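Take a look at the structure below.
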Amino acid sequence: MFLLVLPPLLGFCVALLASGFKRLAQYKKELLILIVFSITNVIPRIPFDISQFTAKFAAFILWYMGTEVIRNGENIHLKTGSVEVYGGCSGIELIGQMLGIACLFLLMFTLDIKKRILVPIVATLVAFIVNGFRVALMANLVASNQREAFKYWHEGDGSLIFSLIAVLCLGVFCWFMLGSGTSNRSNAKT
């Protein structure tokens, strides 16, 4: 827990050394970013478990793709295999990461209040949906007895690819959020 507090504490100390108490306010955005990223690392440690929601969503994806699936709590049963969605695979860590990126975006760019509310909601939904597809893929891999592929997508570099996909989706959304404000302003001038 101490390591989570260390970045904002060190940032505060460096800002204090650089400018003193009187000019500490000039570093408020930078210190806020350090605090936000520390808080988003605490989110996965909250005892709120979304494993059942993730299992429901992954089972829905599998059912929609035409796979016979039975869900029992956090367990997803296919004809030839089953997976259990533990807390670590529920997507809460990815949600925390995406909320941190969303907060960073909100601190960097000025948006109206509706867009400021929408960005963290979309970040959470994108993280949850991408992780649901990851769990569905892993359930299919277990059902088709592909242990090496399952290990790659669960523990290896494959799990990072899904984080990359989520960040890219949020980045595209944020890009459109910025673009929609400028197109309205340019249309108003003509």
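Note that full-length UniProt numbering has the sequence shown beginning at 1, numbered continuously upward. Backbone N, C-alpha and C fix where the C-beta goes; we use that ideal spot for every residue, glycine too. Computed from a predicted model, the values in this text were never measured in an experiment.
Which of the three DSSP states, helix, strand or coil, is assigned to residue i?
| i | result |
| --- | --- |
| Val69 | coil |
| Gly91 | coil |
| Val83 | strand |
| Cys100 | According to the sequence provided, residue 100 is Gly. The question's Cys does not apply to it. Reduced to three states, the DSSP call for Gly100 is helix. |
| Phe109 | coil |
Taking residue i as part of the beta strand (DSSP E), name the residues at either end of that continuous run.
| i | result |
| --- | --- |
| Ile76 | 75–78 |
I'd like the span of the alpha helix (DSSP H) that includes residue i, first residue to last.
| i | result |
| --- | --- |
| Ser51 | 51–64 |
| Arg23 | First-last for Arg23: undefined, no H or E at that position. |
| Leu34 | 28–42 |
| Gly132 | 113–143 |
| Phe150 | 147–154 |
Spatial neighbours of residue i within its chain, please: CB distance less than 7 Å, with the 5 preceding and 5 following residues excluded, ordered by chain position.
| i | result |
| --- | --- |
| His154 | Met138 |
| Val63 | Before going on, a small fix: residue 63 reads as Trp here, not Val. For Trp63, where only same-chain residues beyond five positions count, the Cβ hits under 7 Å are Val69. |
CB of residue i to nearest heavy atom of the ligand SAH: below 8 Å?
| i | result |
| --- | --- |
| Tyr64 | For the ligand SAH, the structure offers nothing, since it holds no ligand at all. |
Assuming residue i contacts residue j under a Cβ cut-off of 8 Å, what Cβ separation, rounded to an integer in Å, is found between them?
| i | j | result |
| --- | --- | --- |
| Gly87 | Ser51 | 6 Å |
| Ala136 | Ala58 | 4 Å |
| Asn41 | Leu4 | 5 Å |
Can you list, in chain order, the residues of its chain whose CB lies under 6 Å from that of residue i, leaving out five sequence neighbours each side?
| i | result |
| --- | --- |
| Tyr27 | Ala15 |
| Lys115 | Met177 |
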